[in-house]
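Engineer:
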Amino acid sequence: MARKFTGNKIVIASHNEGKVREINELLAPFGVEAISAKTLGLPEPEENGDSFIANAEIKAVAAALVSQIPALADDSGLEVNALAGDPGIFSARWAGPKKDFSAAMARVIEEMDDDPDRGANFTCALSLAWPDGHVESFEGKVFGELVWPMRGEKGFGYDPIFVAKGESRTFAEMDPAEKHAMSHRADAFRQLIAACFQNVA
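Numbered according to the numbering used here, the sequence shown spans residues 2 to 202.
1) Have a look at Gly-42 and Ala-61 and give me their C-alpha separation to the nearest angstrom.
2) So which of Pro-88, Met-113, Ala-83 and Gln-69 has the shortest CA-CA distance to Phe-53?
3) Is it true that the segment 98 to 109 meets the segment 56 to 70, where meeting means three or more beta-carbon pairs spaced less than 8 Å apart?
4) Along the chain, where does the beta strand (DSSP E) that runs through Leu-84 open and close?
5) Specify whether the segment 92 to 99 and the segment 32 to 47 touch according to this definition: at least 3 beta carbon pairs, one from each stretch, less than 8 Å apart.
6) So, helix, strand or coil for Leu-66, using DSSP?
7) Under a three-way DSSP split, which group does Ala-1 fall into?
8) Just checking, does the segment 125 to 137 make contact with the segment 145 to 160 on the three C-beta pairs under 8 Å criterion?
9) Only counting the same chain, and skipping five residues up and downstream in sequence, which positions put a Cβ closer than 7 Å to that of Ile-24?
10) With which residues is Cys-197 paired in a DSSP beta bridge?
11) With a 10 Å radius around its C-beta and 16 neighbouring C-beta atoms as the bar for buried, classify Ser-169 as buried or exposed.
12) DSSP three-state call for Asp-160: helix, strand or coil?
13) Enumerate in chain order the residues of its own chain whose CB-to-CB distance from Glu-112 is below 7 Å, with the five nearest sequence positions on each side excluded.
14) What residue does the alpha helix (DSSP H) around Ile-90 start on, and which one ends it?
15) Note down, in chain order, each residue of its chain lying with its Cβ closer than 6 Å to the Cβ of Leu-28, except the 5 sequence neighbours on either side.
16) Pick helix, strand or coil for Lys-142, following the three-state DSSP scheme.
17) Pull up the DSSP beta-bridge partners for Asn-122, would you.
18) On the premise that Phe-172 lies in contact with Phe-163, defined as a C-beta separation below 8 Å, what is that separation, rounded to the nearest angstrom?
19) Is the distance from the Cβ of Ser-77 to the Cβ of His-185 below 9 Å?
20) Rounded to whole angstroms, what's the CA-CA distance from Asp-114 to Phe-139? Just pull it up for me.
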């Protein structure tokens, strides 16, 4: 049985404003005030885990311990069939210190070369940690294929080259609400809400 979240304040353990905005929108219906780690001046811990969940837990536990407020961390990335799952947990690192995702997307396409398999998926791990070190973690995925050149101005990260299964538009061409309804983050979030937020007394 997962531990229930009963507070009204949570730290979003991320310095990525796009992620913070998405998570805030997903949390809004539950009357929870979300504060970003950046706003609190929390340091970014070294993400040296070997999976999305391991890295999310590192970030969530670090933020909860320092802030003494429950913390929610996300670790997500793009897994490309033709690249044996890369960039995977290194998706942000492929963008370099300047977070240049245009260069990262170009690298993905270049390394795929002429491989006919354009299949890919986004994976998102969400970890909710309490100041006592307890953690609940969930993982969501959305499958689709990659397109080139980039399309759309909405989204962030690799969104301009990802088309979800059954869709014709990239995530970056969709309104945020449409993307939220089907994204990897929404999948993980549904699991988190069902386990930790619903039926809270």
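C-beta: ideal position from N, C-alpha, C; glycine also.
This one's a predicted model, so the numbers in the text were calculated from it and none came from an experiment.
Structural biologist: Looking at the atomic coordinates:
1) Here residue 42 is taken as the residue at index 41 of the sequence shown, counted from 1. Here residue 61 is taken as the residue at index 60 of the sequence shown, counted from 1. C-alpha separation (whole angstroms): 15 Å.
2) For the purposes of this step, residue 53 is taken as residue 52 along the sequence shown, with counting starting at 1. Considering only alpha carbons, the answer is Pro-88.
3) no
4) Along the sequence shown, one-based indexing puts residue 84 at 83. Element bounds for Leu-84: n/a, residue is neither H nor E.
5) no
6) Counting from 1 along the sequence shown, the entry for residue 66 is found at position 65. Helix, per DSSP.
7) The question about residue 1 has no answer, for the chain in this structure spans 2 to 202.
8) no
9) Here residue 24 refers to the residue found at position 23 of the sequence shown. Cβ within range, chain order: Ile-13, Ala-35, Leu-73 and Asp-75.
10) Along the sequence shown, one-based indexing puts residue 197 at 196. Partner(s): none; Cys-197 has no beta bridge.
11) Start at 1 with the first residue of the sequence shown, and residue 169 comes out as number 168. It counts as exposed.
12) For this step, residue 160 is matched to residue 159 along the sequence shown. Reduced to three states, the DSSP call for Asp-160 is helix.
13) Numbered from its first residue, the sequence shown carries residue 112 at position 111. Once the five neighbours on either side are set aside, the close Cβ partners of Glu-112 are Leu-84.
14) Translated into positions along the sequence shown, residue 90 becomes position 89. Note, Ile-90: premise wrong, no alpha helix (DSSP H); not H, not E.
15) Here residue 28 corresponds to residue number 27 of the sequence shown, with the count starting at 1. So the list reads Ala-35, once near-sequence residues are dropped.
16) The count along the sequence shown starts at 1 and reaches residue 142 at position 141. Looking at Lys-142 - three-state DSSP - the assignment turns out to be strand.
17) Mapped onto the sequence shown, residue 122 falls at position 121. BP columns for Asn-122 point to Glu-80 and Phe-144.
18) For the purposes of this step, residue 163 is identified with residue 162 of the sequence shown, where counting begins at 1. For the purposes of this step, residue 172 is identified with residue 171 of the sequence shown, where counting begins at 1. Right, their Cβ atoms sit about 5 Å apart.
19) Position 76 of the sequence shown holds residue 77. Position 184 of the sequence shown holds residue 185. A contact, by the Cβ cut-off of 9 Å.
20) As a working note, residue 114 is residue 113 in the sequence shown. As a working note, residue 139 is residue 138 in the sequence shown. In a straight line, the C-alpha of Asp-114 is about 33 Å away from that of Phe-139.
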